[in-house]
Amino acid sequence: MRASRLPMLFVAAIVTSMVSAVAVTLPLAPVSAGAQRLPTPVFLDGEAQPVFATGDVVRESLRVEAEVDSDRDGANDQVHVEIARPRETQDGLRVPVVYQISPYYAGGNDITNHDVDVELYVPGKPQPRITWRYEDYFLSRGFAVVYAESLGSGLSTGCPTTGGSAETLGAKAVVDWLNGRARARDASGRQVAADWTTGRTAMMGVSYNGTLANAVASTGVEGLETIVPIAAISNWYDYYRENGAVVAPGGYQGEDADVLAEYVYTRADREVCRPVIDELAAGQDRLTGDYSDFWDERNYLNDVDRVRASVLAVHGLSDWNVTVSQVAKWYTELKRHGVERKLWLHQSGHTDPYLLRRQEWLSTLNRWFSHYLYGLDNGVTEEPKVTIQREDGSWAQERDWPAPSVGQVTLRPGQGGSGRGELGVSRPGRPVFERLTDDATKTVEELVDAPSSPNRLSYATAQARQPVRLSGTPVVDLRIAFDRPAANVTAVLVDRAPDGTSHVITRGWTDPQNRSDIGRTNPSDRVRRIGCRSNCSRRTMCWPRGTRSSSCCCPAITTSHCGRSRAPGWRSTWRTRRSPSGWSAVRRDCGPRCRRASVFAPQAAGEAAKPSPPHRHSPATPWPSRPTCSTPPTLSTDFPLRPLTPPTPAHGGTMTTPSTAGTVKVDLRNPGQLLAAIPHLLGFRPADSVLVIGHRGGTGNRIGNVLRADLPNPDEEVALAVRLRTPLLYDDSVGVTIAIVGGGHDGEKATGPPRRQLVDAITDALAEANLCVMHALWVPEIQVRARWQCYDDSTCTGKLPDPNSTVIAAVSAHAGLITYGSREAMERQLAPVDAAALARRSALLDEVADGWPAGPGQDDCPGPVDGVEHGRSVVRAALARAHRGDFEFSDREVVELALALEHTEIRDACLATALPPASPRAVTAERLWLALTREVPAPERAQAATLLGYSAYVRGEGALAGMAVANAREADPGHILAQLLAQALDHALPPETLARLGASAETDDPLWEPGGP
């Protein structure tokens, strides 16, 4: 451990056992503007304390010269750098650096894989200040924060090379400058030295940003003391290829190294890098998928022996964008070369642990940086090397990973793979032949759930007698033959719970043409038996007592023709921990929610596909599973059509619960798709609004409440945050997305998304209820190509798809649901008719009301006994006319309908007309109540408006329900049923629960005429 070059103040508690005690007051909070600045960092319990002010920091924008000319213009590339450092560094304090480089700070181009239609970058366009969720945390504790834009992106020159050596040298140049080995200049051309830093640097980031940390560490650059790669790549070949097969990261079929370079190529000159990207397209070799010099240049595992920095690696076990095998191979090689290391594994997907286990993560990160950047001897290196989240959400510490105590288990299949053959530890028996026919139209999920299929081979273990834990990597060895020269084989390991539900744990792919050498394609002879191996992504998994596991396999023929498989003595092997790619197993009790395994299944012709990520390669988006937030295992989710949206009276907001009206599949893990769906969820396109979207279900893959409110005044933000939280407590939400639409900016000098304080207030309110925030998003308006941003990470950004051209828009239109251009447009449908007509009917009501129950014998004024029966006949006749499309009622007819609904018995019987929700007769009745809401004066209008609100509520048209109930309460503030509906809306009572009210109001004498709709 190197000695620190900084003076430090260490804090300890001192207790005397004699007569007196000594009390020491320490500034453990940011110093106010008028107070004397503390010249040195403070450490307590091994962690740096927040003693530096974050509101008054030094900010610089520079260009660092890199020792590479990737754009071939004859000059060294320039890396754009932004710096934030404590003000005290102006007075001689020297601090270490937390450095993040990214190709995403300037956003990304609109790319459709190899069919590219790119919007040009506008030179001179104002560049927003780079932001990061960790910035204030580090600044307040005595660390400078440095951002850099990767070559070819934003204000940096050079070209993007997707993991190439030029990209690595560009990122390394900043570390060299921080240590006096490179030059930097400001906007005026003045050379600037990093004389405010000790040179001790940490690199950190999620996804591509973390990958660049791995890349720079592999150079062995002096001054880089530690890296924190989160969901990062260690070998680009394994990201876009696998065992000779061309695979698609995260389900982006067709994406490759050149496509990613196009996406991040955001520098002003859009032509200078064209030859470089063309060379990427040629060098990546999508035809064969072979490992080559191109991929070898992008394999950081080759240079682990040069790594000098310690490594705190983090990865999600459910990450199908950058799979777990990336960190597994990196960690294994680090261990083999004696590099100081630590590993965090969580159950979520492609995300930052800040969003999952914030306090514990920040504490770990703080101790790690305090030790490696400040030289503090705080014992962090003596802690267990591995922190793992179990399947039940609990966390455990391990001495290492895979678990050192595990042992090898080899499982072999028996006959019956077309159904579910045996998988066990028996010795090899007599060879048998198993056959399958490839069907590229069948999905993995279909084949997993099918009890039998000619399109896959499946083998299952017997029920486990004891809990079993697996730690490592599964490897499947096959003897297989095909009737075509080319085929890809896909392995899928599936956890099948005792209730029969299944969940894909991990997958692997292989191209049998590369069975001997991933660098050389060797086409298979037809019907020739060959051996091949598929390495699945590494996992840590538990099976409880009483469950089963299974494995099955089948090829995906690239020509879409059938294939045959001969399997004499197939070996399905979990490699031991003694192998670099080993998955070992040991019996161990790991809790009641552990599960079990199964399956191997084919992919469609062409590429093997991995499930979709949240947002390309950005550090976006987990989805929830209380108490932590995790990525859902499905690619899409069911959107209700239409969710319920009642109003928040204080700000005209809306609160949403799910509808039973019908569903449409929408990918929830793409923030742009979710934002584009909002108008169809609400029923109108919001403006200057705050929205809180709840996510329900065990994995958070179902929309729960959708809440909308007008943007409040600053002094009302906390109160609104608490109000928005309330409905989420009643619908079992497990996570939340916050979206701000519009709102302008908080001031002329403000950068990044506006209304950050409101987002923070909502986040804090949700945290008190143990609800984690999946996304915090801002978009100026919900329009096609509008640029959206994440609040906590400036690399998380994108452009909206056309809200009117999405799947949910099409399905909404097909279902007859209207999405209004604004909330005001939706409200106008409830606007009353002209004042003159209302005045006439008000006078007529006064005239007729006195005689309505006054004795039998009067043609138009039946007595009390006949009043209800007459009223029912009036409503029944009106419903029949509405069914025929006739809504033209005379003043007298409107008045009679209003008086009929004043009878509680009749009004309650009308509730049954809303059932079944969205049925033809329910829609007809709702149109009648809407017409009467506009035609009847107050206070009698409240009856029709309440019926309208109830009907809209139970069919899931929440925005309309909220407006109708508000209309009813305005017409008659004491209307009891309207008050009850308002309370149901505020507490997000499910529509199906409220529908019971209408069901209880049904009678043997329904209001609909026999034979009606």
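The letter at position 99 of the sequence shown is residue 99 when you use UniProt numbering, and the numbering goes up by one with no holes. Heads up, the beta-carbon is just placed ideally off N, CA and C, and yes, glycines get one too.
Cβ pair residue i, residue j closer than 7 Å
| i | j | result |
| --- | --- | --- |
| Ala931 | Gly998 | no |
| Pro498 | Ala676 | no |
| residue 1017 | Glu88 | Nothing about residue 1017 can be read from this structure; the chain reaches only from 1 to 1013. |
| Gln49 | Val42 | yes |
| Ser842 | Pro780 | no |
| Glu333 | Ser310 | no |
| Ala173 | Ala182 | yes |
| Cys772 | Gly735 | yes |
| Ile230 | Ser794 | no |
| Gly154 | Tyr208 | no |
| Leu729 | Ala769 | yes |
| Val706 | Ala765 | no |
| Val833 | Arg934 | yes |
| Val327 | Ala313 | yes |
| Gly421 | Gly414 | yes |
| Pro754 | Tyr791 | no |
| His775 | Pro671 | yes |
| Gly974 | Ala964 | no |
Start and end residues, alpha helix (DSSP H) containing residue i
| i | result |
| --- | --- |
| Asp760 | 756-768 |
| Ile976 | 976-986 |
| His371 | 358-374 |
For residue j and residue i, the rounded distance between their alpha carbons
| i | j | result |
| --- | --- | --- |
| Pro1006 | Ser873 | 11 Å |
| Arg840 | Asp891 | 8 Å |
| Gly416 | Ser458 | 8 Å |
| Ala232 | Arg298 | 13 Å |
| Gly199 | Leu178 | 5 Å |
| Lys610 | Gln78 | Model confidence at Lys610 stands at a pLDDT of 37, short of 50, so the residue's coordinates are unreliable; what they give is reported in the following sentence. Taking the straight line from one Cα to the other gives about 36 Å. |
| Glu242 | Asp293 | 16 Å |
| Ser560 | Ala281 | Residue confidence is low: Ser560 scores 23 on pLDDT, short of 50, so the model does not pin down where it sits. Its coordinate-derived value is still stated next. Roughly 26 Å between the two C-alpha positions. |
| His695 | His503 | 20 Å |
| Gln757 | Ala810 | 36 Å |
| Gly956 | Ala966 | 17 Å |
| Thr510 | Arg456 | 16 Å |
| Val216 | Gly170 | 9 Å |
| Pro404 | Val475 | 19 Å |
| Gln783 | Val741 | 11 Å |
| Arg274 | Leu411 | 51 Å |
Closest residue to residue i among the options (Cα-Cα distance)
| i | options | result |
| --- | --- | --- |
| Ala481 | Phe433, Thr443, Val448 | Phe433 |
| Leu711 | Leu728, Gly694, Pro686 | Pro686 |
| Thr381 | Val492, Lys342, Arg927, Ala843 | Lys342 |
| Leu462 | Asp71, Val425, Leu436, Gly956 | The question names Leu, but residue 462 is Ala in the sequence shown. Of the candidates Asp71, Val425, Leu436, Gly956, the one whose C-alpha sits nearest the C-alpha of Ala462 is Val425. |
| Leu301 | Thr219, Glu262, Leu985 | Thr219 |
| Glu905 | Thr473, Arg308, Gly871 | Gly871 |
| Glu902 | Gly152, Pro917, Asp886, Thr946 | Thr946 |
| Arg94 | Phe138, Thr40, Ser140 | Thr40 |
| Gln235 | Gly210, Val259, Ile227, Gly254 | The amino acid occupying residue 235 in the given sequence is Asn; Gln does not appear at that position. Looking at the Cα atoms, Gly210 is the closest of the given residues. |
| Arg141 | Arg969, Val894, Leu373 | Leu373 |
beta-carbon residue i near the ligand SAH non-hydrogen atom, thresh 6 Å
| i | result |
| --- | --- |
| Ala709 | The ligand SAH is not part of this structure, which contains no ligands at all. |
Range covered by the beta strand (DSSP E) that runs through residue i
| i | result |
| --- | --- |
| Cys772 | 772-779 |
| Leu334 | Premise fails: Leu334 lies in the alpha helix (DSSP H), 324-336, not in any beta strand (DSSP E). |
| Phe138 | Segment 135-139 is the alpha helix (DSSP H) holding Phe138; no beta strand (DSSP E) there. |
| Lys799 | 797-799 |
| Cys910 | Note, Cys910: premise wrong, no beta strand (DSSP E); alpha helix (DSSP H) at 904-911. |
| Gln789 | 787-790 |
| Ala491 | 487-496 |
| Pro96 | 95-102 |
### Query
With contact counted as at least three CB pairs below 8 Å, one residue from each stretch, are the region 152-160 and the region 57-75 in contact?
Counting Cβ pairs under 8 Å, three or more are found: they touch.
### Message
With three or more beta-carbon pairs closer than 8 Å as the criterion, would you say the region 368-375 touches the region 346-354?
### Response
Contact between the region 368-375 and the region 346-354 is absent, because fewer than three Cβ pairs lie under 8 Å.
### Message
For the region 190-199 against the region 252-267, do three or more pairs of beta-carbon atoms, one drawn from each stretch, fall closer than 8 Å, so that the two count as touching?
### Response
Contact fails: fewer than three Cβ-Cβ distances are below 8 Å.
### Query
Does the region 433-445 touch the region 387-400, meaning 3 or more C-beta pairs lie closer than 8 Å?
Of all C-beta pairs linking the region 387-400 to the region 433-445, fewer than three are shorter than 8 Å, placing the two stretches out of contact.
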